[in-house]
Each structure stands twice: as C-alpha cells, then as structure tokens.
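Here the sequence shown is numbered in numbering that gives the first Met the number 0, starting from 0 and rising by one per residue.
As structure tokens, the structure follows; a few thoughts come after it.
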Amino acid sequence: MPELPVIGWGVSRELTTNGFTPLGAVLGLVFVSSAGTGLITTGVFFLATSAFDFSKVQNFGLALVYGCVYIPIATNAGRIIRFLNRKGMSTRAILGSVLLLLMVACSMPLLMTGISRSAGIASIWMLTAAYGVLCGIHWPVVQAYICSGRSGAQLRRAIGRFNITWSSATVLVFWLMGPLLRQYPLELIMLIGLLHGSNTILLRWFAPDPTPKAEIEHEPHPPIYGSLLIVFRILLPTSFLVLGAVSPMLPEVMSRLSVAQVFQPMLASIWLMSRLGAFITLQRWQGWHGRWWPVLLAGSTLVAGFGLVVISPLVPAWINSLGMTGGGEGAGVVVLVAGLISFGVGAASIYAGALYYVMEVGQEHVDSGGSHEGFIGLGYALGPAMGLIASLGSLQSSASHSSFEALILGLVLMAVVVAAVVAMILIRRQ
0 MPELPVIGWG
10 VSRELTTNGF
20 TPLGAVLGLV
30 FVSSAGTGLI
40 TTGVFFLATS
50 AFDFSKVQNF
60 GLALVYGCVY
70 IPIATNAGRI
80 IRFLNRKGMS
90 TRAILGSVLL
100 LLMVACSMPL
110 LMTGISRSAG
120 IASIWMLTAA
130 YGVLCGIHWP
140 VVQAYICSGR
150 SGAQLRRAIG
160 RFNITWSSAT
170 VLVFWLMGPL
180 LRQYPLELIM
190 LIGLLHGSNT
200 ILLRWFAPDP
210 TPKAEIEHEP
220 HPPIYGSLLI
230 VFRILLPTSF
240 LVLGAVSPML
250 PEVMSRLSVA
260 QVFQPMLASI
270 WLMSRLGAFI
280 TLQRWQGWHG
290 RWWPVLLAGS
300 TLVAGFGLVV
310 ISPLVPAWIN
320 SLGMTGGGEG
330 AGVVVLVAGL
340 ISFGVGAASI
350 YAGALYYVME
360 VGQEHVDSGG
370 SHEGFIGLGY
380 ALGPAMGLIA
390 SLGSLQSSAS
400 HSSFEALILG
410 LVLMAVVVAA
420 VVAMILIRRQ
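So this is what it looks like as structure tokens:
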C-alpha cells in the first residue's frame with residue numbers, strides 16, 4: 000500500500016502494511032460521511048418540509064423510523080461484521096459496499112419524484128429507513144478504524160480529531176443547505192449520495208480489518224473510568240433523545256418566529272457550531288478525563304438548552320401580554336439561539352465522554368463502537384416517539400401550540416430524571 004499524503008491531521012506515516020490504517024484516511028472518509036449523516040438525520044426535516052410540505056407530526060415520524068431501524072443494526076454491528084468476515088468479506092470490503100448502497104439510497108428521492116409526487120414522498124421514508132440500516136454498520140466500523148492500534152494518549156488524540164472532523168462537516172452541510180433548500184432539496188440529497196460513493200477511493204489506504212484491541216499493548220485505565228462509562232452511557236441516549244425531540248420541530252419553531260426558510264438551516268447550525276467548539280476545547284484540554292464535574296455540566300447545559308428551544312416560540316406572546324409591542328419575535332430568536340448554544344455544549348460533552356470511556360474500557364472496537372451507536376439509536380427512537388405523543392396530544396387542545404410545549408417539556412424532563420435515577424442505581428451497585 001502506498002503512503003497516504005497528510006490530510007490535515009498528520010499521522011500520515013502509519014501504513015496499512017503493518018495492520019494500521021492512517022488516521023488521515025479515516026478522517027477524510029469521516030468528513031464526507033458526516034456531511035451525509037448530518038443532512039439525513041437532522042437536515043432531512045427541512046428538506047422534507049421544503050420539497051413535500053411535511054408537517055411536524057410527519058417529521059417526528061421520519062425521526063422515529065430512523066431510530067427504530069438504527070438500534071438493532073448498530074447494536075449487533077460486531078456480530079454482523081464477524082458473520083460476513085467468515086463468509087470471506089473483509090471489513091474494508093463491507094465498508095465499501097455500505098458506501099455504494101448509501102449512494103443508491105440517496106438517489107431515490109430525486110428519481111422517484113420524477114415518477115410522481117406520491118412516489119417522491121414514499122422515497123423520503125424509504126431513504127430514512129435505508130440510511131438507518133446502513134449507518135448502523137458504517138459508524139461502528141469507522142470508529143473501529145479510528146481506534147485501531149491506538150491506546151492512551153494516541154487514542155485520546157484520535158478520538159478528539161474524529162469528533163472535530165465529523166462535527167465540522169455537519170456545520171458545513173447546513174450552511175450549504177440554506178441556498179439550495181427552496182429550489183434543489185432533492186438534488187442536494189443526490190449530491191450527498193455521490194460523495195458517499197466517492198469515499199470508496201480512500202479505502203485503498205485502509206487495512207483489510209481493524210486491529211483488535213486485545214492484540215495491542217494499551218495503558219490500563221483508572222478504576223473510576225468504569226463508573227464514568229456507566230453514567231455517560233446513560234447520558235448518551237438521553238442526549239440523543241433530546242436531539243430527536245428538538246430536530247423535527249425546528250422548522251416549525253423558526254417559522255413561528257418568522258425566520259425566512261432560506262435562513263432556517265443556517266440558524267439551526269448554531270447548535271452544530273457550538274458542539275464543534277466544545278469538541279475542539281475537549282480535544283485540546285484533556286483535564287476532564289476521569290473527573291465527575293463534566294457529567295453535571297453536560298447534563299445541565301443539555302436540559303437548559305432544550306428548555307430554551309422549546310419555549311422560544313412562546314416568548315413573543317409573553318412579551319405582548321406585558322403590553323410591550325414589537326420586538327417579540329426578535330426576543331424569541333435570541334432565546335432560541337441561547338438554547339441552541341447550550342444544547343450544543345451539552346451534546347458535545349456527553350458524546351465525547353461516552354465515546355472516550357467506551358473505547359478505553361471496551362475490549363473489542365467494533366463491538367464497543369456498535370454499543371456506543373446502539374445507545375445513540377435508542378435516543379433517536381425515544382425522542383421522536385415523545386414528540387409524536389406530544390404532537391398528537393396537543394391536537395386535542397384548543398391551545399395546541401402551548402399544550403405541545405408543555406407536553407414535550409414534561410415528557411423529556413421525566414426521561415432525564417429517570418436516566419439520572421438509573422445511573423445512580425447502577426453506580427451504587429458497582
């Protein structure tokens with residue numbers, strides 16, 4: 000295998016001939032794949048609303064479909080990979096096949112809309128389900144390559160760069176989405192598919208299989224890491240539960256605050272930029288490892304951010320009730336932005352902690368990555384399910400908007416309390 004040129008992050012002299020995969024090659028693949036994942040898992044609600052006038056209930060349904068198919072695939076990714084390995088497929092070949100199938104899936108909406116509008120609507124549901132299945136294999140495998148042959152300080156650097164790479168790609172795709180949202184939403188999805196296909200070029204620098212963790216010497220982890228892993232694994236689905244509840248409602252929230260459709264994805268990207276900033280901070284300053292205070296900071300900023308996002312559309316009415324005229328929608332946008340920033344910090348802190356501890360404590364990288372992604376899928380399913388319950392429940396009320404906010408706040412806060420209690424029980428048992 001030829002040596003990979005430096006792709007921004009260095010580590011270019013790790014050759015696949017010794018069983019390792021250059022970090023630059025994996026990060027290059029991660030950047031493109033993350034653009035697609037961000038577009039489909041978070042941006043699809045803006046695209047579906049623009050192309051087919053999807054309602055809030057339909058968007059929650061899309062998110063629920065993704066989470067329900069993602070959970071079993073990601074959780075069992077290690078078993079799936081080992082089964083295909085026994086059939087003669089290398090992990091690299093499996094990853095290449097997944098990338099090509101992602102390209103095909105992203106072509107469906109544009110091609111099927113050419114047949115009829117109803118076929119186009121059906122294709123959005125089909126794309127979401129197919130994406131959940133394929134990403135359930137894709138991301139555990141990619142995380143295994145990120146961590147392959149690395150431990151201790153080297154593993155910490157690799158995970159930090161991984162987090163910065165995938166989160167920066169999602170920011171970029173949201174900024175590109177704005178100008179294309181109104182006229183070319185389906186073409187944008189197809190473009191993402193073509194980028195997935197082009198990612199196969201980077202596989203020439205991948206080792207056939209990631210190096211199992213058991214085959215490398217690694218630094219022993221402190222005992223506290225086991226307890227922190229438990230807490231972060233409880234927080235991880237909780238954070239994606241909140242994300243799954245927030246993302247489908249953002250198009251409607253911004254419309255109620257009179258944000259023009261072309262600017263909605265860029266405004267939504269604020270939480271992505273906040274998450275990226277937090278990832279950069281956590282990668283450069285590693286004093287949070289093995290400490291309990293990041294758990295409290297992550298949980299509080301996540302919940303506070305969610306609350307501010309949910310109540311932001313109610314701010315104009317509150318201001319008007321005080322006899323103040325004008326500026327209500329602007330104040331609502333300010334509250335929304337504050338909520339998105341706080342939410343991004345909390346989400347980044349939880350994700351970084353959960354991935355770091357599972358890779359340090361876990362014994363097999365694909366299984367560790369699969370369990371990590373499985374917990375993410377659990378949140379992806381529960382959040383939209385709560386959103387659907389709140390949406391359908393609010394339809395029975397004359398004040399549907401305010402009742403929806405009250406219901407979704409109550410359901411999510413209840414889930415957060417349950418998660419905290421479960422975490423305390425598990426820590427006490429340990």
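Where is the CB? At the ideal position from N, CA and C, for every residue including glycine.
All values reported here derive from a predicted model rather than from experimental measurement.
Simplified DSSP assignment, three categories, for residue i
i	result
residue 288	coil
residue 20	coil
residue 113	coil
residue 88	coil
residue 430	A question about residue 430 goes unanswered here, because the residues of the chain that appear run from 0 up to 429.
residue 148	coil
residue 259	coil
residue 363	At residue 363, the pLDDT of 47 sits below 50, so the modelled position is not reliable and the matter cannot be decided from this model.
residue 411	helix
Inter-residue spacing [alpha-carbon to alpha-carbon] between residue i and residue j
i	j	result
residue 349	residue 115	43 Å
residue 359	residue 298	22 Å
residue 184	residue 46	5 Å
residue 417	residue 249	25 Å
residue 410	residue 240	11 Å
residue 254	residue 105	27 Å
residue 44	residue 25	28 Å
residue 49	residue 157	38 Å
residue 403	residue 118	31 Å
residue 92	residue 210	16 Å
residue 280	residue 169	18 Å
residue 428	residue 343	31 Å
residue 81	residue 90	9 Å
residue 292	residue 138	29 Å
residue 383	residue 375	13 Å
residue 226	residue 233	11 Å
residue 300	residue 242	13 Å
residue 84	residue 180	41 Å
residue 96	residue 133	10 Å
residue 423	residue 278	26 Å
residue 61	residue 123	8 Å
residue 152	residue 27	21 Å
residue 441	residue 377	With the chain covering 0 to 429 only, the question about residue 441 has no answer from this structure.
residue 140	residue 223	27 Å
residue 202	residue 282	26 Å
residue 302	residue 208	40 Å
Identity of the residue in the options nearest residue i by Cα
i	options	result
residue 307	330, 54 and 34	330
residue 385	112, 247, 94 and 173	247
residue 110	407, 98, 126 and 200	126
residue 334	304, 344 and 316	304
residue 77	50, 142, 404 and 118	142
residue 262	29, 31, 27 and 42	42
residue 35	83, 103 and 19	103
residue 290	273, 231, 321 and 300	231
residue 165	201, 38 and 149	38
residue 276	160, 40, 112 and 154	160
residue 197	62, 154 and 94	94
residue 107	155, 224, 193 and 202	193
residue 31	154, 195, 113 and 96	195
residue 206	88, 101, 222 and 283	88
residue 284	221, 377 and 351	351
residue 58	223, 412, 390 and 406	390
residue 189	224, 101 and 167	101
residue 54	252, 327 and 295	252
residue 204	86, 327 and 144	144
CB of residue i within 8 Å of CB of residue j, strictly
i	j	result
residue 146	residue 380	no
residue 270	residue 163	no
residue 173	residue 244	no
residue 309	residue 408	yes
residue 99	residue 20	no
residue 23	residue 72	no
residue 387	residue 312	no
residue 426	residue 229	yes
residue 56	residue 128	no
residue 415	residue 237	yes
residue 177	residue 272	no
residue 113	residue 69	no
residue 235	residue 347	no
residue 393	residue 406	yes
residue 336	residue 258	no
residue 155	residue 356	no
(request) Could you tell me which uninterrupted alpha helix (DSSP H) segments, each at least 4 residues in length, are contained entirely in the region 176–257, listed from first to last along the chain? (result) Counting only runs that start and end inside the region 176–257, the alpha helix (DSSP H) elements of at least 4 residues fall at 184–197, 223–245 and 249–255.
(request) Quick one: which unbroken alpha helix (DSSP H) runs of 4-plus residues sit fully inside the region 33–76? Chain order, please. (result) As far as the region 33–76 is concerned, its whole alpha helix (DSSP H) runs of at least 4 residues are 43–51 and 55–74.
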